[in-house]
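Chemist: Just so we're aligned, residue 1 is where the sequence shown starts under the numbering used here, counting upward by one.
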Amino acid sequence: VVSSLSCYQCNSSHHSNCLEHLTDLGKHSLQPTPCTTYGARFCIKTTGIYGAVMGITRFCSAWDMGNECQFLDFPDHDRIYRACVMTCSKDA
1 VVSSLSCYQC NSSHHSNCLE HLTDLGKHSL QPTPCTTYGA RFCIKTTGIY GAVMGITRFC
61 SAWDMGNECQ FLDFPDHDRI YRACVMTCSK DA
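This is the structure:
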């Protein structure tokens with residue numbers, strides 16, 4: 001019997017329901033999908049600044065990227081942002 005990992009897979013730049021904290025939106029909810037990444041054993045969620053826009057990505061990975069958050073500041077304004085990477089090894 002072969003079982004595959006299923007992860008939420010999205011990019012908030014392209015999917016409005018790709019949120020940091022997923023909520024049940026009924027038929028519009030993001031659903032986990034089987035990973036097609038070779039050797040995928042982990043589900044990854046990142047939050048941070050991408051191209052000057054705060055965003056979320058969720059994807060499958062063959063690598064454990066750990067769990068860590070950092071605070072980032074930029075010299076051109078006074079805001080401080082929290083960037084995180086979170087890894088899990090089960091369907092998520």
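The beta carbon of each residue, even a glycine, is placed where N, CA and C say it ideally should be.
Of the residues R82, S61, S4 and S89, which one's Cα is nearest the Cα of V53?
Modeler: R82
Chemist: Work out the CA separation of M86 and L72 for me, nearest whole Å.
Modeler: If you draw a straight line from the Cα of L72 to the Cα of M86, it is about 17 Å long.
Chemist: Can at least three beta-carbon pairs, one atom from the region 59-77 and one from the region 36-45, be found at a separation below 8 Å?
Modeler: yes
Chemist: Which partner residues of P32 appear in the DSSP bridge assignment?
Modeler: According to DSSP, which records beta bridges pairwise, P32 is partnered with nothing at all.
Chemist: Anyone know if the C-beta pair for C88 and C60 falls short of 8 Å?
Modeler: Taking 8 Å as the Cβ cut-off, C88 and C60 do not qualify as a contacting pair.
Chemist: Buried or exposed for R58, going by 16 or more other Cβ atoms inside 10 Å?
Modeler: Buried: at least 16 other Cβ atoms inside 10 Å.
Chemist: Within the same chain, show all residues whose beta-carbon is closer than 6 Å to that of G48, passing over the 5 residues directly before and after it, in chain order.
Modeler: Here the set comprises A83.
Chemist: S6 and T33 - do their beta-carbons sit closer together than 8 Å?
Modeler: yes
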